[in-house]
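Novice: To start, I am sharing the structure in question, which I have written as C-alpha cells.
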DNA sequence: TCAAAAGTGTTGACCTTACACCCATGT
DNA sequence: ACATGGGTGTAAGGTCAACACTTTTGA
C-alpha cells in the first residue's frame with residue numbers, strides 16, 4: 050500500500066468504529082480505555098476503535114476491534130450513535146460509528162490480560178480526560194446503558210451464564226447508583242419468564258447458598274424493566290436494535306490482542 | 050473539481066445521510082420518496098439524501114438535504130441508525146447515516162410544491178419497491194416512530210402549533226393503527242403539563258368548536274406515553290438523542306428545492 | 001451458636017381500562 | 001330542530017412502593 054493509492058472524484062471522510070466497553074468489577078462500573086501513543090492527543094486516554102475495512106460490515110468492524118482490544122468476542126455489542134463533527138479529529142474528517150459493549154465479569158480476566166501495557170479499566174466515576182470528543186461519546190453510551198437497564202434485561206450480559214439474584218440486583222444498583230428493595234426486585238424477576246432458576250445452588254459462601262438463575266432466551270435480551278417510574282412513560286422495546294454479535298471462537302482473540310497492543314489505533 | 054482529485058493513503062468510503070420523512074396526510078401516514086434518474090436502481094423510488102459536505106456536521110447535512118428536498122426546515126429531525134453493509138451500493142462503499150423527520154401537516158403544502166417532478170408522498174401501507182437497502186431503513190424508521198409515539202410526545206410534531214385533542218388522538222390512532230378511547234386519551238393529555246389549552250377555540254366547524262391546545266416546551270418533545278402496555282417495561286426516555294434541528298429561515302428552501310429536483314442525488 | 005446473606009407477604013396508593021351520555025355550535 | 005363532533009365521570013382490576021422478619025448455611 051503506497052502513498053495516495055486511493056483516489057476519488059469527491060472528498061471522502063475516514064470512517065471508524067469506536068467502542069465503549071463496559072464491565073462491572075469490584076462493585077463498580079468500569080470502562081476500557083487505551084492510551085494514545087501518537088499525536089494528536091498523545092498520552093491521553095481514548096476509546097478503543099479503528100478504521101473499518103472496506104469489505105466488512107460496521108457490526109463486524111466493531112466486533113473485530115473489540116476482539117483485538119480485549120480478546121473477547123461473543124459479547125453484547127450494539128451500535129448507538131454516529132459522530133461526525135467536522136473538526137473532531139484535527140487530522141482529517143473522521144466519521145465514527147459508536148458502539149457499546151458489555152463484558153461479563155467472568156470474561157474480564159481475559160480483558161485484564163490485555164492490561165499489560167497501555168490498556169486499562171477505569172472506574173466510570175473517575176475517568177481521565179479523554180481524547181477527541183470521546184467524553185461525549187462515553188456520556189451518551191452511559192445514558193443508553195441506563196435507559197436499557199430500565200427497559201430491558203440486557204444487563205444480564207454483565208453476569209456469567211449462571212448468576213444469583215443478588216448479583217443481578219447489585220448490577221442494577223451499581224448502574225443506577227441507588228438502592229433497590231430486595232423483595233420488590235425479586236417479584237419483578239419472578240414476573241419475567243426468561244429468567245429462570247436452574248435448581249442449582251451457589252457453593253463456597255460462608256452463609257446460606259443462593260439459588261442460581263439463568264436467562265433462557267439465546268440472547269438474554271428481553272423487554273421488561275423494574276424500578277421507580279421516572280415519569281408516566283410506558284415502553285415498548287425496540288427489538289431491532291438489539292443484538293448480540295456473535296463471532297466464531299472466543300479465545301483466539303487473545304493472541305491478536307497482545308500483538309495489537311504494541312501497535313496503536315487511530 | 051477534476052477527476053481523482055481526492056487522494057488518500059487508505060481506502061475511504063463515501064458517507065451520505067438519508068432521511069425518512071414522515072407526515073400525516075389524508076388520515077394516513079405518508080413518507081416522501083424520490084425517483085432515481087440514474088443507475089443503479091434507475092426509475093426506482095428511494096429515500097432522499099445525499100453526500101455529506103466535508104465541512105458540515107451530520108445533523109447539518111441531514112437538515113440541508115431535507116430542506117433541499119422539501120423546502121422545509123425547523124422540523125423534528127433525529128439520527129437513528131447508520132448502515133454500512135459492504136455491497137449496499139454497487140458502485141462504491143457507502144456508509145449512510147439515517148435520519149427520520151416529522152413534517153407537520155400545515156407545512157406539507159410546501160413539500161407538495163416539490164412534488165412537481167419525481168418526488169412524491171407515499172402511503173406507508175403502500176410503498177413501492179425501494180432502491181438499495183432503503184426498505185430496511187424505512188422499516189427501522191417506522192419502528193423507531195412507533196416506539197417514540199409510545200414513550201414520548203414527539204408526534205405533536207405532526208401537528209401545527211395549535212391543535213385539537215381529536216387531531217392528536219387521530220395521529221396516535223393512525224400510527225398505532227388502532228382505536229383509542231377518547232376519555233382515557235384526554236385524561237392522559239391532562240396529566241401532562243407540557244400540553245396545555247390555549248383558551249382559543251377552533252372556528253369554522255359545523256359542530257361544537259374544539260379547544261385548541263399547544264405544547265409548552267420549546268421542542269414539543271417530552272417523555273410520557275399513553276396506551277396499552279405491551280409488556281411490563283417502564284421507560285425512561287433518553288433526552289440526549291432527541292432534538293429539533295433548527296435552521297435559519299423556513300421558506301428559503303423552496304427555491305433550492307426546485308433547483309435540486311432537476312439534479313439527482315445519490 | 002453466631003454471623004451473614006438468602007429468602008419471603010401484605011397493604012395502601014395510584015394508574016389503567018372499560019364504558020355511555022350530555023353539550024355547543026352551524027346549518 | 002337536528003346533525004356533528006366535543007366534552008366529561010366512575011368503578012373494578014392491576015401494578016407499584018414501602019415495609020421487617022425468618023431461614024439456611026459455614027465457620
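Residue numbers (this note's numbering), protein chains in the order written: chain Y, 50 to 315; chain U, 50 to 315. Virtual Cβ for every residue (Gly too), placed ideally from N, Cα, C.
#1: Could you give the distance in angstroms between the alpha-carbon of residue 257 of chain U and the alpha-carbon of residue 250 of chain U?
#2: Compare the C-alpha of residue 111 of chain U against each of U/92, U/85, U/146 and U/137 and name the closest.
#3: With distances taken from CA atoms, which of Y/175, Y/240, Y/126 and Y/259 is nearest residue 193 of chain Y?
#4: From the DSSP output, read off the bridge partner residues of residue 243 of chain Y.
#5: Whose C-beta lies closer than 8 Å to the C-beta of residue 213 of chain U among residues of the same chain, with five residues either side of it excluded?
#6: List, in chain order, every chain Y residue whose beta-carbon is nearer than 8 Å to that of residue 59 of chain U.
#7: Mind checking which residues open and close the beta strand (DSSP E) that includes residue 127 of chain U?
#8: Cα-Cα, which of U/245, U/195, U/208 and U/138 is closest to residue 402 of chain U?
#9: If you draw a straight line from the alpha carbon of residue 144 of chain U to that of residue 133 of chain U, how long is it in whole angstroms?
#10: Buried or exposed, going by whether 16 or more other CB atoms sit within 10 Å of the CB of residue 61 of chain U?
#11: Could you check whether the Cβ of residue 111 of chain Y sits closer than 7 Å to any Cβ belonging to chain U?
#12: Where does residue 70 of chain U fall in DSSP's three states?
#13: Using a cut-off of 7 Å between C-beta atoms, extract the partners of residue 134 of chain U located in chain Y.
#14: Would you say residue 131 of chain Y faces chain U, with C-beta separation under 7 Å as the test?
#15: Residue 170 of chain U to residue 180 of chain U, Cα distance in whole Å?
#16: Counting only the same chain and skipping the five closest in sequence on each side, list residues whose C-beta sits under 7 Å from that of residue 210 of chain U.
#17: How about residue 146 of chain U: is its C-beta nearer than 7 Å to some C-beta of chain Y?
#18: What are the residues of the stretch 205–227 of chain Y that lie near chain U, defined by any Cβ-Cβ distance shorter than 9 Å?
#19: Any idea which residues DSSP pairs residue 146 of chain U with across the strands?
#20: Going along chain Y, which residues have a C-beta under 8 Å from residue 128 of chain U?
#21: Which residue's Cα is closest to the Cα of residue 220 of chain Y: Y/91, Y/85 and Y/206?
#22: Give, in chain order, every unbroken run of the alpha helix (DSSP H) that is at least 4 residues long and sits entirely within the stretch 195–249 of chain U.
#23: Please list the segments of the alpha helix (DSSP H) lying wholly inside the stretch 81–126 of chain U, counting only runs of 4 or more residues, in order along the chain.
#24: Under three-state DSSP, which class holds residue 263 of chain Y?
#25: So which residues on chain Y does residue 142 of chain U lean against when the C-beta distance must stay under 8 Å?
#26: On the three-state DSSP scale, how would you describe residue 254 of chain Y?
#27: According to the neighbour-count rule (16 or more other Cβ atoms, all chains shown, within 10 Å of its Cβ), is residue 63 of chain U buried or exposed?
#28: Starting from the C-beta of residue 130 of chain U, find all residues in its chain whose C-beta is less than 7 Å away, skip the five residues before and the five after it, and write them out in chain order.
#29: Using only the alpha-carbon positions, how far apart do residue 248 of chain Y and residue 88 of chain Y sit?
#30: Measuring alpha carbon to alpha carbon, tell me which residue in U/218, U/97 and U/137 is nearest residue 118 of chain U.
#31: Going by beta-carbon coordinates alone, are residue 215 of chain Y and residue 157 of chain Y separated by less than 7 Å?
#32: Give the straight-line distance between the Cα atoms of residue 78 of chain U and residue 174 of chain U, rounded to the nearest whole angstrom.
#33: Just grab the DSSP bridge partners of residue 78 of chain U for me.
#34: If the criterion is Cβ atoms closer than 7 Å, does the pair residue 104 of chain Y and residue 58 of chain U meet it?
#35: Taking the beta strand (DSSP E) that residue 55 of chain U belongs to, which residues open and close that run?
Specialist: Walking through what the data contain:
#1: 10 Å
#2: U/146
#3: Y/126
#4: DSSP output for residue 243 of chain Y lists no bridge partner at all.
#5: 251, 259, 260, 261 and 262
#6: 50, 55, 63 and 100
#7: 124–132
#8: The first residue shown for chain U is 50 and the last is 315, placing residue 402 of chain U beyond what the model contains.
#9: 5 Å
#10: buried
#11: no
#12: strand
#13: 106
#14: yes
#15: 16 Å
#16: 263
#17: yes
#18: none
#19: U/66 and U/131
#20: 130 and 131
#21: Y/206
#22: 214–225 and 231–240
#23: 107–119
#24: strand
#25: 103
#26: coil
#27: buried
#28: 147 and 189
#29: 55 Å
#30: U/97
#31: no
#32: 8 Å
#33: U/73
#34: no
#35: 55–57
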